[in-house]
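With positions in the sequence shown counted from 1, the corresponding number in this note's numbering is that position plus 1.
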Amino acid sequence: GCRPRRQRFRWRAECVSRPGDRTGRPGKLELAFGGLLYLEEVSVLPFELQTGLLRAIEMKRIIRTGGGQPLPIDVRLIVTDAALERLVQEGRFRGDLAARLSAFSVEIPPLRDRGDDLLLLINHMLQLLGDRMGRQVVFAPDALQAMRAYPWPGNVRELELLIERVLHSSEKSVIAREDLPPTIVHIAAPLGTPHHMNLDDSNKLSEREAILRAGHQTAGHLGRTADLLGISRATLWRKMVRYGITKADFWPTPHL
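Following this line, the structure appears as structure tokens:
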């Protein structure tokens, strides 16, 4: 009916291409007609799909994979990706598409820099999940302290997955530090920051350490490492490149 767009359908899509899908099934742009579509990690779209997305935005029409009649679309896009400007400069993302997607831009600091927001998000997610599961759950002070010290490389999505995992694996009404995954607990004590290191360097060091710890736990399996961190494989790979991490770094150094 005449409900505001924000109250209509909301869809979420990870921008990972799936070559060979010729089924002609409705895509997210079609399914989200009249509503909102959240595109996560849009920078991983192959160039061919970038062109298709730009065409859909400009023409307000799409053609399903495999052919057929053009279909009208009416959707508002919300896109998250911090790397678009750099990728455009490197020639790896279309500048015209980036301009379209950046018509209204909001810069949100990473979760590790928003300690007060972290507590609000935790309480909000606990309320939502608690209502869904029919139970009331809170985090003990030592658990909250550990979570505030963790760098959250996967940001809000990682936090959401962590809370879901903890609530499904524990029947307790008060979640203590010992109930958190080892990835969180092991890095709970903030890393020492030398006098010559600025805050940004310290945050990057913590994020690199979190990736290495997760990789060690999964014996270098990138899919499970990404799941453990609450990020996509594409995001994990980009962070590994950024921090100079290879799969060999996930294996313990042999003792001679």
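Glycine included, C-beta positions come from ideal geometry on N, C-alpha and C.
Quiz prompt | Residues near L88 in its chain [Cβ-Cβ closer than 7 Å; skip 5 each side] | solution = Taking the first residue of the sequence shown as position 1, residue 88 is located at position 87. These residues qualify, in order along the chain: S44, F94.
Exercise. In the DSSP assignment, find the unbroken beta strand (DSSP E) run with R77 in it and report its ends.
Key: As a working mapping, residue 77 is identified with position 76 in the sequence shown. Where R77 is concerned, the enclosing beta strand (DSSP E) stretches over 76-81.
Quiz item: In three-state DSSP terms, what is G131?
Solution: In the sequence shown, counting from the first residue as 1, residue 131 sits at position 130. Three-state result, G131: helix.
Self-check item: Close-in-space but distant-in-sequence residues of the same chain around L85 (CB under 8 Å, 5 per side omitted)
Solution: By one-based count along the sequence shown, residue 85 stands at place 84. V43, S44, F94, A99, L102, S103.
Self-check item: Residue from A177, D250, S170, A33 whose Cα sits closest to the Cα of G216
Solution: Against the sequence shown, residue 216 aligns to sequence position 215. The option with the nearest alpha carbon to G216 is D250.
Practice problem: Measure from the alpha carbon of L229 to the alpha carbon of each residue in R158, V175, E59, then state which is nearest. | Solution: The residue given as residue 229 occupies position 228 in the sequence shown. When each option's Cα is compared against that of L229, the closest is R158.
Quiz prompt | CA-to-CA distance, Q218 to T247, given in whole angstroms | solution = Here the question's residue 247 lines up with position 246 in the sequence shown. Here the question's residue 218 lines up with position 217 in the sequence shown. T247 and Q218: Cα-Cα distance of roughly 15 Å.
Practice problem: Name the two residues that bound the continuous alpha helix (DSSP H) containing L112. | Solution: Numbered from its first residue, the sequence shown carries residue 112 at position 111. No alpha helix (DSSP H) contains L112, which DSSP labels as neither H nor E.
Self-check item: Residues near G131 in its chain [Cβ-Cβ closer than 6 Å; skip 5 each side]
Solution: Residue 131 sits at position 130 when you count from the first residue of the sequence shown. These residues qualify, in order along the chain: Q137, V138.
Self-check item: Beta-carbon contacts of G193 that lie in its chain and below 6 Å, excluding the five residues immediately before and after
Solution: Looking up residue 193 in the sequence shown gives position 192. Bear in mind that a pLDDT of 39 at G193, under 50, signals an unreliable position, so the number given afterwards is only what the model happens to contain. Cβ within range, chain order: n/a, list empty.
Quiz item: Can you give the Cα-Cα distance for G36 and K29, rounded to whole angstroms?
Solution: For the purposes of this step, residue 36 is taken as residue 35 along the sequence shown, with counting starting at 1. For the purposes of this step, residue 29 is taken as residue 28 along the sequence shown, with counting starting at 1. Approximately 11 Å, taken between the alpha carbons.
Quiz item: For V80, which of Y244, L40, R65 has the nearest alpha-carbon?
Solution: To locate residue 80, count along the sequence shown from 1; it is residue 79. Looking at the Cα atoms, L40 is the closest of the given residues.
Quiz item: Buried or exposed: which applies to I109, given that a residue is buried once 16 or more other Cβ atoms fall within 10 Å of its Cβ?
Solution: Here residue 109 is taken as the residue at index 108 of the sequence shown, counted from 1. Exposed.
Quiz item: Beta-carbon separation of F34 and D82 under 9 Å?
Solution: By 1-based counting over the sequence shown, the position of residue 34 is 33. By 1-based counting over the sequence shown, the position of residue 82 is 81. No.
Practice problem: Could you tell me the boundaries of the beta strand (DSSP E) in which G36 lies? | Solution: Translated into the one-based positions of the sequence shown, residue 36 becomes position 35. Here the beta strand (DSSP E) through G36 covers 36-41.
Exercise. From the DSSP output, read off the bridge partner residues of F94.
Key: Position 93 of the sequence shown, counted from the first residue, corresponds to residue 94. Note: F94 sits in no beta bridge, so no partner.
Quiz item: What number of angstroms, rounded off, separates the C-alpha of L32 from the C-alpha of K61?
Solution: Start at 1 with the first residue of the sequence shown, and residue 32 comes out as number 31. Start at 1 with the first residue of the sequence shown, and residue 61 comes out as number 60. Their Cα atoms are separated by approximately 14 Å.
Quiz prompt | D228, enclosing alpha helix (DSSP H) - first and last residue | solution = Within the sequence shown, the letter at position 227 stands for residue 228. First-last of the alpha helix (DSSP H) with D228: 223-230.
Quiz item: Rounded C-beta distance between W252 and G224? I'm assuming under 8 Å.
Solution: Indexing the sequence shown from 1 puts residue 252 at position 251. Indexing the sequence shown from 1 puts residue 224 at position 223. Going by Cβ atoms, the distance from W252 to G224 rounds to 17 Å, so no, they are not a contact pair.
Quiz item: Which same chain residues, not among the five before or five after L55, have their C-beta less than 8 Å away from its C-beta?
Solution: One-based indexing of the sequence shown puts residue 55 at position 54. The residues are R95, D97, L98, R101.
Exercise. Can you tell me which of the three DSSP states F140 falls into?
Key: Indexing the sequence shown from 1 puts residue 140 at position 139. In the structure shown, F140 sits in a strand (DSSP, three-state: E or B).
Exercise. Would you check if the distance between the CB atom of P152 and the CB atom of E91 is smaller than 9 Å?
Key: Counting from 1 along the sequence shown, the entry for residue 152 is found at position 151. Counting from 1 along the sequence shown, the entry for residue 91 is found at position 90. No, the pair does not count as a contact, with Cβ atoms beyond the cut-off.
Quiz item: Is P73 helix, strand or coil when you go by DSSP?
Solution: For the purposes of this step, residue 73 is taken as residue 72 along the sequence shown, with counting starting at 1. Correct three-state label for P73: strand.
Practice problem: Going by CA-CA distance only, name the one from L129, D143, V186, P154 that's closest to L168. | Solution: Position 167 of the sequence shown, counted from the start, is the residue given in the question as residue 168. For the residues L129, D143, V186, P154, the minimum Cα distance to L168 belongs to L129.
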